[in-house]
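Chemist: This is the structure I want to talk about, given as structure tokens.
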Amino acid sequence: MSSERSSVKELAAVKGTHDILPGEVEVWQAVEASVVGMFGRYGYRELRAPVIEHTELFEKSTGETTDVVQKEMYTFIDKGGRSITLRPEYTPSVARAIVEHRLDLLGTPMRYFYIGPMFRYDKPQKGRYRQFHQIDIEVFGEKDPAIDAEIIEMADSMLVSLGVTGTETLVNSVGCRACRPAFSQALREAAGGVKDGLCGDCRRKMETNPLRIFDCKVEACREQAKVFPQITGFLCPECRDHFAGVRRYLDLYGVAYRVEPNLVRGLDYYTKTAFEVVRLDAGQQNAVLGGGRYDDMMKDFGGPDVCGIGFACGLERLIALVSVKPSPRRFVYVVHSGEAARAKAVELARIFRRGGVETLVEFAGRGFKSQFGRAAKLGAAWVLVVGEDEVAKGEFLLKDMATGTQTSGKAEDLLSSLQRPG
RNA sequence: GUGGGUGUAGCUCAACCGGUUAGAGCAUCGGACUGUGGAUCCGAAGGUUGGGGGUUCGAGUCUCCUCACCCACCCCA
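Numbering (the numbering used here), first residue to last: 1 to 422.
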């Protein structure tokens, strides 16, 4: 059928999604393993929440006014008539799980991490995908500013251990419900006073998200924004003290950071500490990692009054910066000649694999020459030769492909020589 | 959602002013080659030129629509 032919041809990954192929996936595995190990040393435990949640969860916690909720969610009605959403972020799921399982009764603070896919219906571009992956960490039930600093330090260590350079860590306090409204109002008034000097985008941002005016690219707007009030002057005593504490501990940890009073995050629930790690050389999608404190979220969500703090790190963006090289695979390639040898080759492969050695058996080649050629091409570290002579003798030939050295011996002796490192 | 750019073989690219059967390198597969290496030589396969309409005697080339990707805005990781 012609329709079959064309449908096969048109089959492609969904817009904004990507395959992670062998060769690249090893880098992901190396990064994930490194990160998991590090989080473990800071006392974090993995919590795997479902990829789908009730739509309401995100409306309530992420915030109905955010772009993420308003226009970027993958939402659908399931066969039971429920409104379901593929998670655009992870924090609400953790909050939900804590409430649902009363994890807060197990003792605080609760430290969780997770690595997995998130979904946002954005228009894809560099560093921005519809299915992307995040490393997420969250701490609940610890309000001391030391934990804010510990988390930022952990993020910093994570980047260092992965060999990431050329980034900058930005921190700010976005205040709380007591002090932020006054600031927003003051900012709106300041912007309103020079409304005619602002671009159309900024005039809109005056209403929706006044802090965003600060990172407008239009020169006129930048000029006006220089004299706008900054959050720092509006923080209530509690927020001010907390922020001072965060900075003190960051200094104690020796973390390099810059206070950025204009740093604002896109989700509604942030309070007090907000931070971001950005790459210095990138144009737009420069945020590698971002997070902050969300002291009211759990309570607003209908759970216990437990504060939280955490960050999300974009894996695609992180991996673009890491310099880890996964160690090359070293495997045995078994070549053979004749029916009896073929059976023996299969048997030997099983023995080697049980002994912990990656082993492949040639099935297609004819002569040893072509079998060796294939082994070399695939990058085999060793070739195990199983010919008629070897089968008769019960001793096989193991060739080191790098050095060309060949050693003859019984299967178990050859195996144990491979099990030794090197 | 708005704006710009690009679409030719698996990959990188050719194809004059619109003119014969859309070519090459690399990669793939086969052979030379039945006891030892990514070589060499020979050969094969691989394309509705992203898709659809229009102009034309004739379209990879001009035009319109559409789709995909890339880039930027918005927003974010």
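Here a beta-carbon is modelled for each residue, glycine too, at the ideal position from N, C-alpha and C. Quantities reported herein were computed from a predicted structural model and do not represent experimental measurements.
From this set, 190, 97, 62 and 34, which residue's C-alpha is nearest residue 154's C-alpha?
Modeler: The residue labelled residue 154 in the question sits at position 154 within the first sequence. Minimum Cα distance to residue 154 is reached at 34.
Chemist: Measure the C-alpha to C-alpha separation of residue 47 and residue 91 and round it to an integer number of angstroms.
Modeler: Indexing the first sequence from 1 puts residue 47 at position 47. Indexing the first sequence from 1 puts residue 91 at position 91. In a straight line, the C-alpha of residue 47 is about 11 Å away from that of residue 91.
Chemist: Do you know offhand how far residue 300's Cα is from residue 380's?
Modeler: Here the question's residue 300 lines up with position 300 in the first sequence. Here the question's residue 380 lines up with position 380 in the first sequence. Whole-angstrom Cα-Cα distance: 58 Å.
Chemist: Within 10 angstroms of its Cβ, does residue 4 collect 16 or more other Cβ (buried), or is it exposed?
Modeler: Position 4 of the first sequence, counted from the first residue, corresponds to residue 4. For residue 4, the predicted structure reports a pLDDT of 35, less than 50, and the residue's modelled location is therefore unreliable. A value from the coordinates is still provided. Exposed, by the Cβ-count rule.
Chemist: From which residue to which residue does the alpha helix (DSSP H) around residue 146 run?
Modeler: Walking along the first sequence from the start, residue 146 turns up at place 146. Counting along the chain, the alpha helix (DSSP H) containing residue 146 begins and ends at 145-161.
Chemist: Just tell me which of 32, 102 and 162 has its CA closest to the CA of residue 135.
Modeler: The sequence position of residue 135 within the first sequence is 135, counting from 1. Minimum Cα distance to residue 135 is reached at 32.
Chemist: Leaving aside the five residues before and after residue 177 along the sequence, list all residues of the same chain whose C-beta is less than 8 Å from its C-beta, in chain order.
Modeler: As a working mapping, residue 177 is identified with position 177 in the first sequence. These residues qualify, in order along the chain: 271 and 296.
Chemist: Are residue 50 and residue 68 closer than 9 Å when you measure CB to CB?
Modeler: For this step, residue 50 is matched to residue 50 along the first sequence. For this step, residue 68 is matched to residue 68 along the first sequence. The answer is no: Cβ separation not under 9 Å.
Chemist: Using a 10 Å radius around the Cβ and a threshold of 16 neighbouring Cβ atoms, would you call residue 235 buried or exposed?
Modeler: Indexing the first sequence from 1 puts residue 235 at position 235. Buried, by the Cβ-count rule.
Chemist: Can you name, in chain order, every residue of its own chain whose Cβ lies under 8 Å from the Cβ of residue 353, other than the five neighbours on each side?
Modeler: Here residue 353 refers to the residue found at position 353 when the first sequence is read from its first residue. Same-chain partners within the cutoff: 359.
Chemist: Relative to the C-alpha of residue 382, which residue among 414, 208 and 337 is closest?
Modeler: For the purposes of this step, residue 382 is identified with residue 382 of the first sequence, where counting begins at 1. The shortest Cα separation from residue 382 among 414, 208 and 337 belongs to 414.
Chemist: Spell out a yes or no on whether the segment 186-194 and the segment 225-232 are touching, meaning 3 or more CB-CB pairs, one atom from each, closer than 8 Å.
Modeler: Yes: the two stretches touch, three or more of their Cβ pairs being nearer than 8 Å.
Chemist: With three or more C-beta pairs closer than 8 Å as the rule, is the segment 64-84 touching the segment 285-292?
Modeler: Output reads no: the segment 64-84 does not touch the segment 285-292.
Chemist: According to DSSP, which residues form a beta bridge with residue 114?
Modeler: Walking along the first sequence from the start, residue 114 turns up at place 114. For residue 114, which the question treats as bridged, DSSP gives the partners 136.
Chemist: What do you reckon, are the CB atoms on residue 267 and residue 116 nearer than 9 Å?
Modeler: The sequence position of residue 267 within the first sequence is 267, counting from 1. The sequence position of residue 116 within the first sequence is 116, counting from 1. Not in contact: residue 267 and residue 116 (Cβ atoms no closer than 9 Å).
Chemist: Leaving aside the five residues before and after residue 221 along the sequence, list all residues of the same chain whose C-beta is less than 6 Å from its C-beta, in chain order.
Modeler: Residue mapping note: residue 221 aligns to position 221 of the first sequence, counting from 1. Once the five neighbours on either side are set aside, the close Cβ partners of residue 221 are 198, 199 and 202.
Chemist: Quick one: is residue 302 buried, meaning 16 or more other Cβ sit within 10 Å of its Cβ, or exposed?
Modeler: As a first step, residue 302 must be located in the first sequence, where it is residue number 302. By the neighbour-count rule (16 or more Cβ atoms within 10 Å), residue 302 is not buried but exposed.
Chemist: Give me the residue from 139, 107, 264 and 80 with the minimum Cα distance to residue 307.
Modeler: The residue given as residue 307 occupies position 307 in the first sequence. If we check each option's Cα against that of residue 307, 139 comes out closest.
Chemist: Please report the distance separating the alpha-carbon of residue 310 from that of residue 249.
Modeler: By one-based count along the first sequence, residue 310 stands at place 310. By one-based count along the first sequence, residue 249 stands at place 249. The alpha-carbon atoms of residue 310 and residue 249 are separated by roughly 17 Å.
Chemist: Going by DSSP in three states, residue 11 sits in which element: helix, strand or coil?
Modeler: Walking along the first sequence from the start, residue 11 turns up at place 11. Residue 11: coil per DSSP, three-state reduction.
Chemist: Can you tell me the Cα-Cα spacing of residue 16 and residue 404, whole angstroms?
Modeler: Indexing the first sequence from 1 puts residue 16 at position 16. Indexing the first sequence from 1 puts residue 404 at position 404. Those two C-alpha atoms are separated by around 47 Å.
Chemist: Just mark residue 113 as buried or exposed, buried being the case when its beta carbon has 16 or more other beta carbons within 10 Å.
Modeler: As a first step, residue 113 must be located in the first sequence, where it is residue number 113. Result: buried.
Chemist: With DSSP as the reference, identify every bridge partner of residue 53, one or two as the case may be.
Modeler: The residue given as residue 53 occupies position 53 in the first sequence. Answer by DSSP bridge pairing, in chain order: 85.
Chemist: With respect to the beta strand (DSSP E) encompassing residue 173, which residues constitute its N-terminal and C-terminal limits?
Modeler: Taking the first sequence and counting its residues from 1, the one referred to as residue 173 is at position 173. From DSSP, the beta strand (DSSP E) with residue 173 extends over 167-173.
Chemist: In terms of DSSP beta bridges, what is residue 195 paired with?
Modeler: As a first step, residue 195 must be located in the first sequence, where it is residue number 195. Note: residue 195 sits in no beta bridge, so no partner.
Chemist: Please state whether the Cβ-Cβ distance between residue 333 and residue 375 is less than 9 Å.
Modeler: The residue you call residue 333 lines up with position 333 of the first sequence. The residue you call residue 375 lines up with position 375 of the first sequence. Going by C-beta atoms, residue 333 is nearer than 9 Å to residue 375.
Chemist: Check whether the Cβ atoms of residue 315 and residue 119 lie closer than 9 Å to each other.
Modeler: Residue mapping note: residue 315 aligns to position 315 of the first sequence, counting from 1. Residue mapping note: residue 119 aligns to position 119 of the first sequence, counting from 1. No; because the gap between Cβ atoms is not below 9 Å, this pair is not in contact.
Chemist: What's the C-alpha gap between residue 278 and residue 324?
Modeler: On the first sequence, position 278 is the one that residue 278 refers to. On the first sequence, position 324 is the one that residue 324 refers to. Cα-Cα distance, rounded: 20 Å.
Chemist: Taking buried to mean at least 16 other C-beta atoms within 10 Å of its own C-beta, is residue 29 buried or exposed?
Modeler: Position 29 of the first sequence, counting from 1, holds the residue named residue 29. Exposed is the call here.
Chemist: Taking just the CA atoms, how far does residue 12 sit from residue 6?
Modeler: Counting from one through the first sequence, the residue named residue 6 turns up at place 6. Counting from one through the first sequence, the residue named residue 12 turns up at place 12. Legend: pLDDT at residue 6 = 40, less than 50; position of this residue unreliable, value from coordinates given subsequently. Answer to the nearest angstrom: the Cα atoms are 12 Å apart.
Chemist: Quick check: the Cα distance between residue 1 and residue 362, rounded to an integer number of angstroms?
Modeler: By 1-based counting over the first sequence, the position of residue 1 is 1. By 1-based counting over the first sequence, the position of residue 362 is 362. The pLDDT assigned to residue 1 is 29, lower than 50, so where the model puts this residue is not dependable, and the model offers no usable value.
Chemist: In three-state DSSP terms, what is residue 363?
Modeler: Working through the first sequence from its first residue, we reach residue 363 at position 363. It is coil, neither helix nor strand.
Chemist: Inspect the CB distances between the segment 165-180 and the segment 251-260 and report whether three or more fall short of 8 Å.
Modeler: They touch, by the three-pair rule.
Chemist: Nearest by alpha-carbon distance to residue 389: which of 349, 340, 417 and 60 is it?
Modeler: Your numbering for residue 389 matches position 389 in the first sequence. Ranking 349, 340, 417 and 60 by Cα distance to residue 389 puts 340 first.
Chemist: Using CA atoms only, rank isn't needed, just tell me which of 61, 290, 219 and 181 is closest to residue 313.
Modeler: In the first sequence, the residue the question calls residue 313 occupies position 313. Ranking the options by Cα distance to residue 313, first place goes to 290.
Chemist: Just to confirm, are residue 160 and residue 211 a CB contact at a threshold of 9 Å?
Modeler: Against the first sequence, residue 160 aligns to sequence position 160. Against the first sequence, residue 211 aligns to sequence position 211. No; because the gap between Cβ atoms is not below 9 Å, this pair is not in contact.
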